[in-house]
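Sequences listed follow chains S and L, in order. Numbering-wise (this note's numbering), the first sequence opens with residue 544 and increments by one. Numbering-wise (this note's numbering), the second sequence opens with residue 544 and increments by one. Remarks on the structure that follows.
There are 2 protein chains.
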Amino acid sequence: MSPSLDPVQLGAYFDLIEVTSLLRHAVEQQLKEAGDISYVQFQLLARLGDSPTGSHRMTDLADGVVYSRSGLTYQAGLLEKAGLVERTTSPDDERSVTVTITDAGRALLAKVLPGHVEVVSGLLFEPLSRDDVKALAGLLAPVREHMRATPPRSAAPRRRKG
Amino acid sequence: MSPSLDPVQLGAYFDLIEVTSLLRHAVEQQLKEAGDISYVQFQLLARLGDSPTGSHRMTDLADGVVYSRSGLTYQAGLLEKAGLVERTTSPDDERSVTVTITDAGRALLAKVLPGHVEVVSGLLFEPLSRDDVKALAGLLAPVREHMRATPPRSAAPRRRKG
DNA sequence: GTTCTTTGCTTCGAGTTCGAAGCAACTGAC
DNA sequence: GTCAGTTGCTTCGAACTCGAAGCAAAGAAC
C-alpha cells in the first residue's frame, strides 16, 4: 500500500470534503430560516416521512443518518416536545422505541422541502449536466455500499470464542 | 422550478451525504487513536503543513476548512496549548494573527498521516478504479468552484440602508 | 486631521455532540 | 427454570460548535 494518495485521489478527497461541508452549511442555513430546524432534525423527519408507516425504530434511525444513539435520544426528545414526532414503546419488544412522524411533522417537512430542494439544486446540481449527475450517482453508490459493508476498524479486534 | 429532485439526483445527493458522514466518522476514529486529535485539528495541521511557510492567517484557515471564526479561535488555542502550533500577531497588520505549525506539529502530522491515508484508501477509493477516481475528481471540481463562487444566500453584508 | 465603516480576532452564553455508564428487556446455554 | 451475555434506549459529564456581541486596528470619506 502506498504511503500517500496520488494527486488525483487527493483532489477528489479534498473536494468531496469541501463540497459537502459547504453544502451542509448552506442547507442548515435554509432549514433554520424556513422552519427553525437543524439538518439532523430534517434528516430524521425526511426518513420518517419516506417510510410507508411513517415510523422507524430509534436504532434504525440513528444508523440511517449516521448519528450516535445518545444524540438521537436528545433530538427525538426535541422533536417530540415540538409535536413533530411521537414515541411509543413497541408491543413485541418492550425495549424498542418506535418514532412516528405526526401531521405537524409532515406539514413542517412540506413547508421546508421546496427551499431545501432549491438550495441543493442551485449549489450541487447547477454545474452538473444530467449525464454528470448520473455518473456521480454511479460512482458514489458502490462506495456507499462498500462503506456500509466494511465494519468499523476497531470494532472487531475480538476473536471469536475459542 | 421543479418541486422535487429527480430520482437520480436524489440518489446522488443522499449517497454524497452518507458517504462523507461514514468517511468522516471512520477518519475521526483513526485520528483519535493514532494521535488523539480531532478531524478539525488534523485539517488545520494539514493545511499549515502544506503551506510553503508553514503558516496561515486565522481567517484563511477558517475559510479553508469551512469553519466558524470562534470555533477556530478555540481550536487554535487547544493546538497552541499542545505545542503543535504558534500564534503571532502580524507586524503589518496588528489585528491579524498568524498561525504557524511547530516541529512537534509536523511530527504529529507525520505520525498520523499513514493511517489516515489507509482509511481513506480503504473506504473511499477501494471500490473505485483509477479512471473512476479521475471521473469523480472531474465532477467535484466544478461543483466546488461553483459553491465557492456562489455567495451565501441571504448573507447580505449589513449595509447602510438605501 | 476627524469620523464612519470595515476587518480580524476573541469572549461569552446557549445549544449540541459524543462515549461511557446505567438499566431493563430479550436471548441462548444449560 | 437460572445465569451470563446481548440489545435498545436513556442519563450523565465533558467537550465542541456556533452566532452575537465586543474590542481594537485599518481603511475610506471628507
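The beta carbon of each residue, even a glycine, is placed where N, CA and C say it ideally should be.
Helix, strand or coil for residue i? Go by DSSP, reduced to three states.
i	result
residue 633 of chain S	coil
residue 594 of chain L	coil
residue 517 of chain L	This structure cannot speak to residue 517 of chain L, because chain L is shown only from 544 to 705.
residue 642 of chain S	strand
residue 585 of chain L	helix
residue 628 of chain L	strand
Can you find a C-beta in chain L that's less than 8 angstroms from the C-beta of residue i?
i	result
residue 699 of chain S	Low confidence applies here, because residue 699 of chain S scores a pLDDT of 39, under 50, leaving its location unreliable and the question unanswered by this model.
residue 594 of chain S	no
residue 566 of chain S	yes
residue 485 of chain S	Nothing about residue 485 of chain S can be reported from this structure: the residues present for chain S run from 544 to 705 only.
residue 655 of chain S	no
residue 628 of chain S	no
residue 652 of chain S	no
residue 548 of chain S	yes
residue 640 of chain S	no
residue 694 of chain S	no
Return no unless some Cβ of chain S is closer than 8 angstroms to the Cβ of residue i.
i	result
residue 601 of chain L	no
residue 668 of chain L	yes
residue 703 of chain L	Summary for residue 703 of chain L: the model assigns pLDDT 35, below 50, so the residue's position carries little reliability; its value from the coordinates is reported in the next sentence. It does not: the Cβ of residue 703 of chain L has no partner Cβ on chain S nearer than 8 angstroms.
residue 554 of chain L	yes
residue 561 of chain L	yes
residue 598 of chain L	no
residue 664 of chain L	yes
Check the C-beta distance from residue i over to residue j and give it rounded, since I have them as a contact under 8 angstroms.
i	j	result
residue 619 of chain L	residue 612 of chain L	That pair is no contact at about 10 angstroms.
residue 655 of chain L	residue 577 of chain L	5 angstroms
residue 574 of chain S	residue 659 of chain S	7 angstroms
residue 555 of chain L	residue 683 of chain S	6 angstroms
Please confirm if the stretch 592-611 of chain L is in contact with the stretch 579-597 of chain S, defined as three or more CB-CB distances below 8 angstroms between the two stretches. No, they do not touch.
Residues from the stretch 574-594 of chain L in contact with chain S, defined by Cβ distance under 7 angstroms: For the stretch 574-594 of chain L, which is checked against every Cβ of chain S, the residues closer than 7 angstroms are 576.
Taking contact to mean at least 3 C-beta pairs separated by less than 8 angstroms, is the stretch 661-677 of chain S in contact with the stretch 662-676 of chain L? Verdict: no, contact absent.
What residues from the stretch 672-692 of chain S come within 7 angstroms of chain L, judged by C-beta to C-beta, listed N to C? So the close ones are 675, 676, 677, 678, 679, 680, 682, 683, 684, 685, 686, 687, 689 and 690.
The stretch 638-651 of chain S / the stretch 622-642 of chain L touching (three or more Cβ pairs under 8 angstroms): They do not touch, by the three-pair rule.
Inspect the CB distances between the stretch 558-566 of chain L and the stretch 556-567 of chain S and report whether three or more fall short of 8 angstroms. The stretch 558-566 of chain L vs the stretch 556-567 of chain S: in contact.
What are the residues of the stretch 608-626 of chain L that lie near chain S, defined by any Cβ-Cβ distance shorter than 7 angstroms? From the stretch 608-626 of chain L, only 609 have a Cβ closer than 7 angstroms to chain S.
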